[in-house]
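**Student:** Can you read through this structure? Questions will come right after.
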Amino acid sequence: MVNHIFKDMPQQKDHGVTKDLRGAFISAINTFSETAFQNSSLEYLESGNILFIFKLADIQSGDNNVKEPVILYGLVDKSKKKSDKLVNKFFDRVNPVLQLFVQKFNGANFSELNQFEDFEEKVVEFLTKKTQE
Numbered sequence: 001m002v003n004h005i006f007k008d009m010p011q012q013k014d015h016g017v018t019k020d021l022r023g024a025f026i027s028a029i030n031t032f033s034e035t036a037f038q039n040s041s042l043e044y045l046e047s048g049n050i051l052f053i054f055k056l057a058d059i060q061s062g063d064n065n066v067k068e069p070v071i072l073y074g075l076v077d078k079s080k081k082k083s084d085k086l087v088n089k090f091f092d093r094v095n096p097v098l099q100l101f102v103q104k105f106n107g108a109n110f111s112e113l114n115q116f117e118d119f120e121e122k123v124v125e126f127l128t129k130k131t132q133e
């Protein structure tokens, strides 16, 4: 829905993977963690010096009676710090913007993707401001 790159990662081999598969990948990881760990949420995965961090929330769409998950994720370079510290720092920074997203779009029709485009600016403003402080 909303996507922004704050820092490019070094280019890896191109395996022809499309960016459209991100949602399916994250959904599969979330389903695995719920099944394997009995509904406790997966916070992060590590691969080399990269942390793949997840922050989940629930949101009510206007056309569904059941709340749906919203997953905010980030890739973080962990080469110089401990994983737990980075995960906690990530959560501290993104939790307010995730809550703002839920507040703003709760009850919206999620099939209209263009309504989320303006929110990217809010994400950039919020995280850039937090980083500079």
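Take the sequence shown: its position 66, counted from the start at 1, is 66 in the working numbering, and no numbers get skipped. Even for Gly, the Cβ is constructed at its ideal location relative to N, Cα and C.
1. Over the uninterrupted alpha helix (DSSP H) stretch that includes L45, give me the two end residues.
2. Could you tell me the distance, in whole angstroms, from the CA atom of G48 to the CA atom of S83?
3. Closer than 8 Å by C-beta to L98: which residues in its own chain qualify, once you throw out the five before and the five after it? Chain order, please.
4. Specify the secondary structure class of F101 as computed by DSSP and reduced to three states.
5. Between A28 and K89, what straight-line distance do the alpha-carbon atoms span, to the nearest angstrom?
6. Under the three-state reduction of DSSP, which class applies to D58: helix, strand or coil?
7. Output the distance between the C-alpha atoms of Q42 and G74, rounded to the nearest integer angstrom.
8. Suppose you measure from the CA of F101 to the CA of F25; what does that come to, to the nearest Å?
**Tutor:** So, to answer that:
1. Here residue 45 is taken as the residue at index 45 of the sequence shown, counted from 1. It is not in any alpha helix (DSSP H) - L45 instead sits in the beta strand (DSSP E) that spans 44–47.
2. One-based indexing of the sequence shown puts residue 48 at position 48. One-based indexing of the sequence shown puts residue 83 at position 83. Roughly 11 Å between the two C-alpha positions.
3. Taking the sequence shown and counting its residues from 1, one reaches residue 98 at position 98. For L98, where only same-chain residues beyond five positions count, the Cβ hits under 8 Å are K55, A57, V70, L72.
4. As a working mapping, residue 101 is identified with position 101 in the sequence shown. Correct three-state label for F101: helix.
5. Residue mapping note: residue 28 aligns to position 28 of the sequence shown, counting from 1. Residue mapping note: residue 89 aligns to position 89 of the sequence shown, counting from 1. In a straight line, the C-alpha of A28 is about 25 Å away from that of K89.
6. If you number the sequence shown from 1, residue 58 lands on position 58. Assignment of D58 by DSSP, reduced to helix, strand and coil, places it in the strand class.
7. Locating residue 42 in the sequence shown gives position 42, counting from the first residue. Locating residue 74 in the sequence shown gives position 74, counting from the first residue. It should be pointed out that residue 42 corresponds to Leu in this sequence rather than to Gln. Rounded to whole angstroms, L42 to G74 spans 13 Å at the Cα level.
8. One-based indexing of the sequence shown puts residue 101 at position 101. One-based indexing of the sequence shown puts residue 25 at position 25. Distance between F101 and F25, taken at the CA atoms: about 22 Å.
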